[in-house]
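Keeping their order, the protein sequence lines are chains L and V. Going by full-length UniProt numbering, the letters in the first sequence line up with residues 1 to 170, in that order. Going by full-length UniProt numbering, the letters in the second sequence line up with residues 1 to 170, in that order. Okay, structure first, notes after.
There are 2 protein chains.
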Amino acid sequence: MSATRDRLLDAFEGLLIAHGVRAATLDAVAAAAEVSKGGLLYHFPSKAALAQGQRERLAELGAADVAAMAAAPEGAAEYYLRESTASGGPLDRALIAAVRLAEESGDDATAVLDELRVRWYDALLAELQDPALAHAVQLMGDGMYYNAVTGIRDPGALEDALAVLARLRG
Amino acid sequence: MSATRDRLLDAFEGLLIAHGVRAATLDAVAAAAEVSKGGLLYHFPSKAALAQGQRERLAELGAADVAAMAAAPEGAAEYYLRESTASGGPLDRALIAAVRLAEESGDDATAVLDELRVRWYDALLAELQDPALAHAVQLMGDGMYYNAVTGIRDPGALEDALAVLARLRG
DNA sequence: GTCAGTTAACCGTCCAGACGGTACAGTTAC
DNA sequence: GTAACTGTACCGTCTGGACGGTTAACTGAC
């Protein structure tokens with residue numbers, strides 16, 4: 001909606017990703033977004049509201065990605081694996097930030113992540129028509145995300161995952 | 001070594017896993033270990049020392065697991081996948097705690113995780129003799145860990161991963 | 001055999017700074 | 001005039017860490 005609101009969420013996510021939950025203080029977020037603390041609290045009256053705004057952003061980006069996955073010319077599975085390594089995009093940033101937030105606030109925070117996972121699985125199953133294979137593809141994608149989240153570089157992961165997918169399909 | 005030292009590390013890991021880095025304060029760790037704050041700081045003179053103690057514990061448990069993996073009768077790959085879902089054991093707890101810690105402290109904290117990953121990969125490769133397959137198995141294991149870390153329940157993940165592994169072997 | 005001295009293991013309190021949040025009086029752009 | 005801010009000054013609480021005790025086991029001298 002508002003440009004400042006988006007800048008604040010960008011800054012919040014950026015701090016969460018780069019330096020973790022401890023670094024994502026209200027002062028730090030405001031400073032990173034080049035907004036005063038009062039300005040931040042104008043848009044998000046509390047830190048919980050800021051976290052909820054982040055979850056809403058993730059839900060929107062996630063829904064868009066599920067739609068793009070179903071429409072992908074290379075197929076849902078390949079699209080999914082490819083996206084799992086392409087860290088740096090808006091969805092990846094939102095996902096990593098949400099995972100970081102979920103570690104503290106428990107249930108309601110993971111609900112968005114849970115539902116998104118189910119939707120991704122459904123899209124994979126629709127294309128692959130094989131529950132175990134769909135599950136395996138999703139797990140490999142999760143693994144690549146996991147490595148991205150923890151900062152672990154894993155060269156060749158995408159190629160090998162795609163190669164294994166091809167074997168299983170063939 | 002010391003029983004109190006171990007209790008402190010247990011408490012530290014427990015808080016990191018259940019409520020995240022923000023909850024794992026010196027006071028909270030001391031209280032959970034039923035030790036005074038002064039007692040905690042006797043064993044670990046700073047919070048950084050506490051985190052390093054945790055990493056050292058992970059390195060020890062990890063080395064033991066790699067050895068157990070190579071000696072597993074069901075094979076390294078099956079052992080690895082099975083262990084990836086068995087959350088609650090000492091190694092899993094240490095791993096999750098280390099991942100949480102790594103989000104803040106950056107490079108040197110991820111070094112232990114990085115090296116452990118390489119060792120696991122080597123053990124998988126030694127059994128499977130197939131780089132892409134070894135990589136895929138590791139990614140599926142990572143994915144299951146990732147879900148355990150974020151509190152996502154994923155029933156049937158192990159069975160499906162093992163089924164896919166059997167297909168790829170056969 | 002006992003008794004001062006040492007040391008490891010731990011307790012409880014204090015403090016400066018950071019944190020989330022409040023309050024509110026201005027300012028700018030439309 | 002109203003929405004969207006800025007800037008400053010606060011408040012109460014929490015946090016990491018410093019610090020000065022305390023206790024109990026051990027050690028050697030006499």
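Glycine included, each C-beta is placed from N, C-alpha and C at the ideal position. Everything numeric in this text was worked out from a predicted model, so none of it was measured.
Taking 8 angstroms as the CB-CB cut-off, is residue i touching chain V?
{"i": "E127/L", "result": "no"}
{"i": "A148/L", "result": "no"}
{"i": "R100/L", "result": "yes"}
{"i": "D122/L", "result": "no"}
{"i": "D142/L", "result": "yes"}
{"i": "R169/L", "result": "no"}
{"i": "A163/L", "result": "yes"}
{"i": "V21/L", "result": "yes"}
{"i": "G38/L", "result": "no"}
{"i": "G14/L", "result": "no"}
{"i": "A111/L", "result": "no"}
Could you list which residues in chain V have their beta carbon closer than 9 angstroms to that of residue i, in chain order?
{"i": "D160/L", "result": "P131, A132, L133, A134, H135, A136 and L139"}
{"i": "Y79/L", "result": "Correct list: empty, because the minimum Cβ distance to chain V is about 17 angstroms."}
For residue i, which of the options has the nearest alpha-carbon?
{"i": "V21/L", "options": "L158/L, A123/L, L128/L and E104/L", "result": "E104/L"}
{"i": "Y79/V", "options": "T85/V, A86/V and M69/V", "result": "M69/V"}
{"i": "G75/L", "options": "D154/L, L139/L and Q129/L", "result": "Q129/L"}
{"i": "V35/V", "options": "A126/V, R7/V and A111/V", "result": "R7/V"}
{"i": "A86/V", "options": "P155/V, H43/V and A28/V", "result": "P155/V"}
{"i": "E13/L", "options": "A24/L, R5/L, A3/L and T4/L", "result": "A24/L"}
In chain L, what lies closer than 8 angstroms to residue i by C-beta?
{"i": "L26/V", "result": "Neighbours of L26/V on chain L: none; closest Cβ ~14 angstroms, over 8 angstroms."}
{"i": "A51/V", "result": "Under the 8 angstroms cutoff, chain L gives no residues; its nearest Cβ is about 12 angstroms from A51/V."}
Counting contacts by CB-CB distance shorter than 8 angstroms, is residue i in contact with chain L?
{"i": "E115/V", "result": "no"}
{"i": "E83/V", "result": "no"}
{"i": "A32/V", "result": "no"}
{"i": "G62/V", "result": "no"}
For residue i, which residues in the same chain have their Cβ closer than 7 angstroms to its Cβ, ignoring the five residues on either side in sequence?
{"i": "T150/V", "result": "none"}
{"i": "L58/L", "result": "A94, L95, A98 and V112"}
Whose Cβ in chain V lies nearer than 7 angstroms to the Cβ of residue i?
{"i": "Y42/L", "result": "Within chain V, no residue comes near Y42/L; the closest Cβ sits about 25 angstroms away, beyond 7 angstroms."}
{"i": "E103/L", "result": "G20 and R100"}
Can you list, in chain order, the residues of its chain whose CB lies under 8 angstroms from that of residue i, leaving out five sequence neighbours each side?
{"i": "A136/L", "result": "L168"}
{"i": "Q138/L", "result": "Y80, R117, W120, Y121 and L124"}
{"i": "A126/L", "result": "A70 and A76"}
{"i": "residue 196/V", "result": "Residue 196/V is absent from the model: chain V starts at 1 and stops at 170."}
- Message: Could you tell me which whole alpha helix (DSSP H) segments of length 4 or greater appear in the segment 25-112 of chain L?
- Response: 26-32, 37-43, 47-70, 76-85 and 90-105
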